[in-house]
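In the working numbering, the protein residues as written are 776 to 964.
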């Protein structure tokens, strides 16, 4: 039952957050002008760029790629405005596939670091887009719902079932751990 609920939340998270928890950081990004940082944060189509903005990409693969297409500039493809910076994850957890999403959801169901994951999801704006604070506030509802269902109800249900089974075994066979210990000691005399 726990895995089924985690899988449902994981599929939702992968569907909407896959590849979007990344940010352009580094010394080169910090050295960019405010206009260049604005272009990274709010990308536009090549035809909508000023000649100065298009000049930032002269002689690069980005100029060839985006001048022929009418798609907004993607930060990860252009390596953070053709700098030496990396397109890095905002946090160690991600929702890039179902396995990673299930692992992330299990980790946050223990209430360890769940707010960091939530804030990263709230700040994301999509694949290849620089995060902006509070850009997708609706994700707060997703994480609060998951913490209520997954973190409080399901994990407590799981622990309750384990303890109940342990009590049943102890009632049938006595103190299980003492029996195992004494059997081990007597066999090794």
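C-beta: ideal position from N, C-alpha, C; glycine also.
- Under the DSSP definition of a beta bridge, residue 862 partners with 799.
- Excluding residues up to 5 positions away in sequence, 797, 798 and 800 lie with their Cβ nearer than 7 Å to the Cβ of residue 863 in the same chain.
- If one requires a minimum length of 3 residues, no beta strand (DSSP E) run lies completely within the region 863-947.
- Burial check for residue 779: the Cβ neighbour count within 10 Å stays below 16, so the residue is exposed.
- At least 8 Å separates the beta-carbon of residue 899 from that of residue 814.
- Residue 925 and residue 944 have their C-alpha atoms roughly 27 Å apart.
- 874 is the residue among 874, 889 and 946 whose C-alpha sits nearest the C-alpha of residue 781.
- Between the alpha carbons of residue 927 and residue 884 lies a gap of roughly 8 Å.
- Setting aside the 5 residues that flank it on each side, residue 921 is surrounded in the same chain by 784, 880, 883 and 884, each with a C-beta closer than 8 Å to its C-beta; the list follows chain order.
- The C-beta of residue 941 has fewer than 16 other C-beta atoms within 10 Å across all chains shown, which makes the residue exposed.
- Membership of residue 789 in the alpha helix (DSSP H) is indicated by the continuous run 777-792.
- In this structure residue 895 touches residue 865 by the C-beta definition: roughly 5 Å separates them, less than 8 Å.
- Of the candidates 872, 917, 901 and 871, the residue whose Cα lies closest to the Cα of residue 889 is 917.
- Per DSSP, residue 816 is one residue of the alpha helix (DSSP H) stretching across 809-816.
- With a cutoff of 8 Å on beta-carbon distance, residue 876 and residue 789 are scored as near each other.
- The beta carbon of residue 915 lies closer than 8 Å to those of 893 and 897 in the same chain, with the five residues before and after it left out.
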